[in-house]
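Chains as they are written, first to last, in the working numbering: chain A, 20 to 383; chain B, 25 to 324.
Here a beta-carbon is modelled for each residue, glycine too, at the ideal position from N, C-alpha and C.
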Amino acid sequence: MQDVGKSKAARALDVEDLSVRYGQSLAVDGVTLAIEPGEVVALLGPSGCGKTTLLRVIAGFVRQAAGRVRVDGATIDHLPSNQRNIGIVFQNYALFPHMTVAENVAYGLRARGNRGPEVQAAVTRFLDTVQLGAFHQRLPRQLSGGQQQRVALARALAIEPSILLLDEPFAALDRNLRLDMQIEIKRLQRTLGLTTILVTHDQDEAMSVADRIAVMNKGKVEQFDTPVAIYDRPQTLFVNGFIGTTNLMNGKIAGLQNGMATVALDAGASLSLPAPAGIGLGAPVHMSVRPEQLALSSVPGPDTWKIEPGLALPIGAQLVHEARTADGTFLKIIEPRRAVMSEAARAYCTLAADARPTLFPRSP
Amino acid sequence: MRTMTPPSPDGATSPADGGGKRSVTAEWQLALPLALAFASIFLAPLLMLVGVSFFNDDKISQPGFGQWAKFLGDPFSYKVIADTMLLGVKTVGATILIGYPLALVYLDASPRVQKVLIFVIVMPLLLSVVVRTFAWIVVLGREGVVNTVLMQLGIISEPLRLLQTELGLVISLTQIEMPLMLLPLISVMSRLDPNLRDASAALGASRWRTLFTVIVPLSMPGLVAGCLLVFASSTTAFISQSVIGGVRLIYLPLLIWQQSLVVFNWPFAAVVSIALLISVLTVVSALSWLGRRSGGYVHG
Numbered sequence: 020m021q022d023v024g025k026s027k028a029a030r031a032l033d034v035e036d037l038s039v040r041y042g043q044s045l046a047v048d049g050v051t052l053a054i055e056p057g058e059v060v061a062l063l064g065p066s067g068c069g070k071t072t073l074l075r076v077i078a079g080f081v082r083q084a085a086g087r088v089r090v091d092g093a094t095i096d097h098l099p100s101n102q103r104n105i106g107i108v109f110q111n112y113a114l115f116p117h118m119t120v121a122e123n124v125a126y127g128l129r130a131r132g133n134r135g136p137e138v139q140a141a142v143t144r145f146l147d148t149v150q151l152g153a154f155h156q157r158l159p160r161q162l163s164g165g166q167q168q169r170v171a172l173a174r175a176l177a178i179e180p181s182i183l184l185l186d187e188p189f190a191a192l193d194r195n196l197r198l199d200m201q202i203e204i205k206r207l208q209r210t211l212g213l214t215t216i217l218v219t220h221d222q223d224e225a226m227s228v229a230d231r232i233a234v235m236n237k238g239k240v241e242q243f244d245t246p247v248a249i250y251d252r253p254q255t256l257f258v259n260g261f262i263g264t265t266n267l268m269n270g271k272i273a274g275l276q277n278g279m280a281t282v283a284l285d286a287g288a289s290l291s292l293p294a295p296a297g298i299g300l301g302a303p304v305h306m307s308v309r310p311e312q313l314a315l316s317s318v319p320g321p322d323t324w325k326i327e328p329g330l331a332l333p334i335g336a337q338l339v340h341e342a343r344t345a346d347g348t349f350l351k352i353i354e355p356r357r358a359v360m361s362e363a364a365r366a367y368c369t370l371a372a373d374a375r376p377t378l379f380p381r382s383p
Numbered sequence: 025m026r027t028m029t030p031p032s033p034d035g036a037t038s039p040a041d042g043g044g045k046r047s048v049t050a051e052w053q054l055a056l057p058l059a060l061a062f063a064s065i066f067l068a069p070l071l072m073l074v075g076v077s078f079f080n081d082d083k084i085s086q087p088g089f090g091q092w093a094k095f096l097g098d099p100f101s102y103k104v105i106a107d108t109m110l111l112g113v114k115t116v117g118a119t120i121l122i123g124y125p126l127a128l129v130y131l132d133a134s135p136r137v138q139k140v141l142i143f144v145i146v147m148p149l150l151l152s153v154v155v156r157t158f159a160w161i162v163v164l165g166r167e168g169v170v171n172t173v174l175m176q177l178g179i180i181s182e183p184l185r186l187l188q189t190e191l192g193l194v195i196s197l198t199q200i201e202m203p204l205m206l207l208p209l210i211s212v213m214s215r216l217d218p219n220l221r222d223a224s225a226a227l228g229a230s231r232w233r234t235l236f237t238v239i240v241p242l243s244m245p246g247l248v249a250g251c252l253l254v255f256a257s258s259t260t261a262f263i264s265q266s267v268i269g270g271v272r273l274i275y276l277p278l279l280i281w282q283q284s285l286v287v288f289n290w291p292f293a294a295v296v297s298i299a300l301l302i303s304v305l306t307v308v309s310a311l312s313w314l315g316r317r318s319g320g321y322v323h324g
């Protein structure tokens, strides 16, 4: 089951300053991505951010207005999609409904002029790889969603592509199956050493499958980094808001010394935090802090602020507290579930011990 | 999948079917007025037609198989049947050759162009067949548009004879019946998942390969429906056949007209009518059988 394909060298994929124009607007706006051989990169963003368009340019279905796509340094822009040797799995799988599973998998090989036992052997091998060996004579409509996806994957892998593109591949699957398929695809990708690009709007999916994530917004890449770096050190306000849940509090830089900034929060507290580059004294800022990086307290202090506690919802082993600050900002605070706390024990809020809030400049 | 249950000996349905049976009865009652109307204005005349065909004389007084013997014993009858079916086949062939590429153009066009195209396609249906047929006389005549243009370009020196030829008839029927081919074809093709073409290209297939291995098989239901309509309509197109084909080209509808309204031999006209009905139905049911076989491939 593991010996799929010959172990080929994985290909590097470079997207250079790529722009795509749809009428008046830019769907993709000057995107540059350097993807390492064998890497899994997720293009993550809200719908309409240009991630699918970018994928379609790489596949050759859409022509760019500017920029280049290179595989191992060679541009592929002049090649029509049927000469690019790029495998793609569509969100709706796009299996040929009038062909059996085996015919679907053999399609790419036959299109390349291969015939006979060679094709049969490859079909058997790739169907075994996705554990569908027994289903080769079925029609796609006789398969479940997960099985159809495996067929689509086998069909894309059978042409031994240089790059594998996955367009929202898990969106149509139910929750449990989704995790199974994510593991399966990750396993296959590892075995084959295939450079893979995954388009998704689901951050958990991107976090679990990808080596690096390109967060896209309005046709631009906002941040291209590892999942952990994107979660812990978002570089823009958009990434900060899009990944995970976060609280945004308004404040001002009240002092700057040795790379540390004293932030006076509008909610009424003074915090000492690492200063972002290029920020001036008195500049208005957003402080972004994750719910789990806030803590409740019963005692006032210079680094705590008064809150008006609201609902507390148990989610798994945690309790999500809702609270309102003096300046009217709503906060979410996640704490481990303990004995019921009184109102007084929840009167103040402060940063948790290991909290790493991020400061972003704010227009006043 | 339908499961077959053997009928119980007393002919009663099993209790499990009770609920289903009740709703079926209700549906029947709703369809009853239509069924009665059909029976009185369609089925009854048809039965009368069959009855009339079994009389030997044109006064409809002596029952017998004389007219059938006359029709089936005459080689001319078979020639007319063959010519009529061949006319249908040629028209279907021409509408496919022109209509299929047109449907592909329609699919690739922008929504605005699509609106214009659909108007152009449907427009012939808004004009009476008589008007369209006479327009073709103007186009195909000795002094018509086609001949004038070809002569002035120096391609021909003598006017081509297009009227009262099968070629001219097929040309005009192709235009007249084209909407019947295009509408079902376009409706099936525009339901096809556009990703299928991209998937085929990404797998390395050329445009032609994609056309013949993916698009054509999946558009079969529309193609079959179009062929069915064009065939049934062109083999029975009495006005176009007689106005453009003239009296020299004899097809079954013209024969029926001559026998019933010129010679007043109604029994023989009835025989020819039944022959036309059977020949067209045979081809049409063969086509729709093909259509049902390929119908399962299209989803959504």
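Contact between A/D244 and A/I232 holds, since their C-beta atoms are separated by about 7 Å, short of 8 Å. Across the structure, B/L96 and B/F79 are spaced so that their CA atoms are roughly 15 Å apart. CA-CA distance, A/A28 to A/G127, rounds to 21 Å. For B/S101, the closest alpha carbon among the candidates B/L252, B/P125, B/Q283 and B/G315 is that of B/Q283.
For A/Q242, the enclosing beta strand (DSSP E) begins and ends at K239 to D244.
Secondary structure of A/Q337 (DSSP, three-state): strand. Contact note: A/A78 reaches chain B through D222, A225 and A226, using a C-beta cutoff of 9 Å and chain order.
Going by DSSP, A/R89 is part of the beta strand (DSSP E) stretching over A85 to V90. Using a CB distance below 7 Å, no part of the stretch 201 to 227 of chain A faces chain B. Secondary structure of B/V137 (DSSP, three-state): helix.
Below 8 Å, too few C-beta pairs join the stretch 150 to 157 of chain B and the stretch 230 to 240 of chain B to call them touching: fewer than three. In the DSSP assignment, B/F78 forms no beta bridge with any residue. Spatial neighbours of A/V240 in its own chain (CB-CB distance under 8 Å, excluding positions within 5 residues in sequence) are listed in chain order as V50, T51, L52, A233 and V234.
With respect to A/N101, B/S230 sits close: the two C-beta atoms are nearer than 8 Å. Here A/G49 carries a strand assignment [DSSP, helix/strand/coil]. DSSP, reduced to helix, strand and coil, places B/L186 outside both helices and strands of the structure shown, so it counts as coil. Residue environment analysis places B/Q53 among the exposed positions, since fewer than 16 neighbouring C-beta atoms fall within 10 angstroms of its C-beta.
Proximity of the stretch 134 to 151 of chain A to the stretch 252 to 272 of chain B falls short of the contact definition, fewer than three beta-carbon pairs being nearer than 8 Å. Sequence-distant partners of B/G88 (beyond 5 residues in either direction) whose C-beta falls short of 8 Å from its own C-beta, in its chain, are F78, F79 and N80. A straight line joining the alpha-carbon of A/S291 with that of A/G329 spans about 27 Å. Judged by DSSP secondary structure, A/Y112 falls outside any beta strand (DSSP E); it is assigned neither H nor E. With 16 or more other CB atoms across the displayed protein chains lying within 10 angstroms of its CB, B/S243 is buried. Its chain contains L73, V74 and S77 as the residues whose beta carbon lies nearer than 8 Å to that of B/I298, once the 5 sequence neighbours on both sides are disregarded; these appear in chain order.
The three-state secondary structure of A/P328, taken from DSSP, is strand. Within the stretch 127 to 156 of chain A, those residues whose Cβ lies closer than 7 Å to any Cβ of chain B are, in chain order, G127, A130 and R131.
Segment contact: the stretch 296 to 303 of chain A against the stretch 347 to 359 of chain A, fewer than three CB-CB distances shorter than 8 Å; contact not assigned. Exclusion of the five residues before and after A/R30 leaves P56, V90, D91, S181, I182 and T214 as the residues of its chain whose Cβ lies within less than 8 Å of its Cβ. The stretch 34 to 43 of chain A and the stretch 73 to 93 of chain A touch, with no fewer than 3 CB-CB distances between them shorter than 8 Å. Interface with chain A (8 Å Cβ-Cβ cutoff): B/S230 is included. Interface annotation, B/V74: not in contact with chain A, CB-CB separation never under 8 Å.
A straight line joining the alpha-carbon of A/Q222 with that of A/T119 spans about 34 Å. Counting C-beta atoms within 10 angstroms of its own C-beta, A/Y41 has fewer than 16 neighbours from the protein chains shown and is therefore classed as exposed. Residues of chain A whose Cβ lies closer than 9 Å to the Cβ of B/D132 do not exist, since the nearest Cβ in that chain is about 13 Å away. Under DSSP, A/H305 shares a beta bridge with A/N269 and A/F379. Around A/G270, no beta-carbon contact reaches into chain B at under 8 Å, the shortest distance being about 49 Å.
Under DSSP, A/N236 forms a beta bridge with A/K239.
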